[in-house]
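Asker: In the working numbering, the protein residues as written are 2 to 223.
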């Protein structure tokens, strides 16, 4: 009953919702580790009957609700559909690329294209496409081995080549392991969404509140 009342109050008074940010990438790319860095809440795990898994967490300063999903792989149609349903309505997308996994850059490119365009699956199922107008932030994760700008640019352009001309995107070379570049990347994304006029997503990047935004100390990173 209380949840029904809350929904009615929200609809009447226009209570703002947080902006939804999807963190995507191939298995092992580092999406969950990134979530551990950027959220300031407990991380929740959501598992479907197909064993597809997504993770969620929130950053209250930025007013970002994050969802993390690994895409691709040899799985059932139901698995791919459920996974896509967790992030297809996001307001912005972060695509994580492991810069050391050069053998799978083309796979990353292909899976990003599928996420953007959707596809027909077996048994009449459909994997939904994401919002076409949503911006993308491609993070080239260099671990502990910094990349040259030229090398990072090459990898980012390879991954986005299929949609680069009609895709609102940029990239940053970062280290999820050491957090180098992550804070700047997140503030860039906040400013980008603010300029696009999305709902209540936190105060202006130059206001006092956002200056307090700090990445979580990820002691998990070895």
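Positions of the beta carbon are idealized from the N, C-alpha and C atoms, including for glycine.
When you compare the region 78 to 92 with the region 151 to 169, are there three or more beta-carbon pairs, one atom per stretch, that lie closer than 8 Å?
Answerer: no
Asker: Buried or exposed, going by whether 16 or more other CB atoms sit within 10 Å of the CB of residue 60?
Answerer: In the assembly as shown, residue 60 is a buried residue. Its beta-carbon has 16 or more other beta-carbons within 10 Å.
Asker: Give the DSSP bridge partners of residue 47, in chain order.
Answerer: 55
Asker: Would residue 170 and residue 161 be called neighbours here (beta carbons separated by less than 9 Å)?
Answerer: yes
Asker: Roughly how many angstroms separate the alpha carbons of residue 200 and residue 193, rounded to a whole number?
Answerer: The predicted model places residue 200 with a pLDDT of 48, which falls under 50 and marks its position as unreliable; any figure quoted below should be read in that light. Computed Cα separation, rounded: 13 Å.
Asker: How far does the alpha helix (DSSP H) with residue 26 in it extend, from its first residue to its last?
Answerer: Note, residue 26: premise wrong, no alpha helix (DSSP H); beta strand (DSSP E) at 20 to 26.
Asker: By the three-class DSSP mapping on this structure, what secondary structure does residue 217 have?
Answerer: The answer is coil: DSSP assigns residue 217 none of H, G, I, E or B.
Asker: In three-state DSSP terms, what is residue 117?
Answerer: helix
Asker: Roughly how many angstroms lie between the CA atoms of residue 19 and residue 134, to the nearest whole one?
Answerer: Cα atoms of residue 19 and residue 134: separation of roughly 18 Å, rounded to the nearest angstrom.
Asker: I'd like the ranges of any beta strand (DSSP E) spanning at least 3 consecutive residues and lying wholly in the region 106 to 167.
Answerer: 137 to 142
Asker: Which of helix, strand or coil does DSSP assign to residue 71?
Answerer: strand
Asker: Grab the span of the beta strand (DSSP E) containing residue 174 for me, first residue to last.
Answerer: 170 to 175
Asker: Can you round the beta-carbon distance between residue 96 and residue 25 to whole angstroms, since I take them to be within the 8 Å contact cut?
Answerer: Going by Cβ atoms, the distance from residue 96 to residue 25 rounds to 6 Å, so yes, they are a contact pair.
Asker: Here's a check: name, in chain order, each residue in its chain whose Cβ is nearer than 6 Å to the Cβ of residue 71, leaving out the five neighbours to either side.
Answerer: 28
Asker: Report the rounded CA-to-CA distance for residue 183 versus residue 101, giving the unit in angstroms.
Answerer: 18 Å
Asker: If I measure Cβ to Cβ from residue 141 and keep anything under 8 Å in the same chain, skipping five residues before and after, which residues do I get?
Answerer: 98, 100, 148, 153, 156, 157, 172, 173, 174, 175
Asker: So, are the CB atoms of residue 69 and residue 106 less than 9 Å apart?
Answerer: no
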